[in-house]
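Position in the sequence shown counted from 1, then plus 89, gives you the numbering used here.
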Amino acid sequence: MYKWYSKGITPNPDIMCNSEVKFKVFLEEALEAWFDMVATGHYARISTDETWTSHLLKWVDPNKDQSYFLAGLSQFQLSKSLFPIGHLEKPRVREIAHEAWLPNADRKDSQGICFVGKVNMSDFLEKKINPKPGKVLDTSGNILWEHKWVFYYTIGQRKGLDIWGQDEPIFVVRKDIEKNEIIVGTSSDLALYEDMLFVKQWNYLSDEKISFPLKAKTKIRYRQADQDCLISEVEWGYEVKFDQDQRAIAAGQICAIYLDEELIMSGVIQ
């Protein structure tokens, strides 16, 4: 995580945690202890077909579906996982917790970095990455402010810019890592929108063969509505072309690809 941020790339810590900790280190320990599978409280579903292939499906409530956070899992990890509340809506889960006198029945949803907790991100990053001040410019090249470190900011970010006196709210629209500069604009700024992204390689969640070009649905962030796209092979990877312009496509985030209710593959946005 530190390595990616130091390069100006914004990773998704929840997806990294699921892929590398919960469903890797923890799963490996469980299997070594002679357990057959692990169960978690993720709001998603797993379906197994007649060939014993596991398929990751969206949750019953699309507003709380967490399949996106599981986009980095492999077929093996899915085959050794159970989501026992995947068929229940959240109010019913809380009702069951009350009936069982569980202490977390009314606990708020967890937030923060996986296994670290709710911390100030800048304080967390400064433990291993030294700040390096630089310029904050608008899209016309005017200097507006000075930032503390370019790697902390994400495309589309509004909070934390600390720039006052603007007629409209402003957002990060681009980062220049070499020059250590941040470029900002308004929500209507064309620089904030793009109609395509690139992925170097895909993580396939099942062993089924996928052919390209492929028409599918995609998410580039959690809780985003499904976006229509066309995925094509290019010389060094894959191009994802959207039917509509997308706001704030950020390198390091995950592009999750769906066919109907199933999450079939995912890739890191370049």
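C-beta atoms are modelled at their ideal positions from N, C-alpha and C, and glycine is treated no differently. As the structure is a computational prediction, the values presented were derived from the model and not from experiment.
Considering just the uninterrupted stretch of the alpha helix (DSSP H) at residue i, what are its terminal residues?
i	result
Met210	210 to 215
Glu121	115 to 121
Trp93	91 to 95
Met105	102 to 106
Where residue i and residue j are concerned, what is the direct C-alpha to C-alpha distance, given to the nearest angstrom?
i	j	result
Gln166	Gln255	49 Å
Arg310	Ala122	35 Å
Val273	Glu351	36 Å
Ile353	Ser229	41 Å
Asp278	Phe260	9 Å
Glu118	Ser355	26 Å
Leu146	Ala160	11 Å
Ser211	Ser136	40 Å
Ile299	Leu348	11 Å
Tyr91	Lys216	9 Å
Ile104	Gln155	10 Å
Lys96	Ala189	47 Å
Arg196	Val323	47 Å
His111	Pro151	What sits at residue 111 in the sequence shown is Lys, not His. Using only the alpha carbons, I get a separation of about 23 Å.
Leu120	Arg312	32 Å
Glu267	Leu250	20 Å
Taking 7 Å as the limit between beta carbons, can you name the residues of its chain near residue i, skipping five residues before and five after?
i	result
Lys304	Leu319
Glu283	Asp334, Gln335, Ile338
Lys153	Tyr132, Lys179
Pro302	Leu319, Ile320, Ser321
Ser168	Ser143
Pro173	Ala128
Cys344	Leu286, Val288, Thr307, Ile309, Val329, Ser355, Gly356, Ile358
Which first and last residues belong to the beta strand (DSSP E) in which residue i is found?
i	result
Ala345	343 to 348
His418	Given a span of 90 to 359 for the chain in the structure shown, any question on residue 418 remains unanswerable.
Asp227	223 to 227
Lys351	Reading the sequence as shown, one finds Glu at residue 351 and not Lys. That run of the beta strand (DSSP E) goes 351 to 357.
Suppose the cutoff is 8 Å on Cβ atoms and the five residues either side in sequence are ignored; what does the same chain contact list for residue i look like?
i	result
Tyr94	Pro100, Leu214, Ile218, Phe240, Tyr241
Ala194	Arg183, Ala186, His187
Ala280	Thr228, Val262, Arg263, Ile272, Gly274
Gly341	Trp93, Ile98, Thr99, Pro100, Asn101, Val357, Ile358
His176	Arg134, Val149
Pro220	Lys237, Trp238
Which same chain residues end up closer than 6 Å to residue i when comparing Cβ atoms and leaving out the 5 residues on each side of it in sequence?
i	result
Phe331	Asp284, Gln316, Cys318
Tyr293	Met354
Lys224	Ile232, Glu270
Lys234	Checking the sequence shown, residue 234 turns out to be Trp, not Lys. Contacts found: Val225, Ile252.
Glu257	Thr275
Asp296	Gln164
Ser108	Gly161
Asp265	none
Using a threshold of 7 Å, is the CB atom of residue i nearer than that to any non-hydrogen atom of the ligand NAP?
i	result
Lys221	The ligand NAP is absent from the structure shown, which contains no ligands of any kind.
What runs of the beta strand (DSSP E), each 3 residues or longer, lie entirely inside the stretch 248 to 326? 259 to 265, 270 to 275, 282 to 288, 303 to 308, 316 to 323
For the structure I just gave you, are there three or more beta carbon pairs, one from the stretch 326 to 335 and one from the stretch 271 to 288, closer than 8 Å? yes
Can you find at least 3 beta carbon pairs, one from the stretch 329 to 340 and one from the stretch 233 to 248, that sit closer than 8 Å? yes
The stretch 264 to 282 / the stretch 111 to 130 touching (three or more Cβ pairs under 8 Å): no
Would you call the stretch 173 to 189 and the stretch 137 to 144 touching, i.e. three or more CB-CB distances under 8 Å? no
What are the complete alpha helix (DSSP H) segments, minimum 4 residues, inside the stretch 151 to 181? 164 to 168
Which runs of the alpha helix (DSSP H) at least 4 residues long sit entirely within the stretch 123 to 150? Give them in chain order. none
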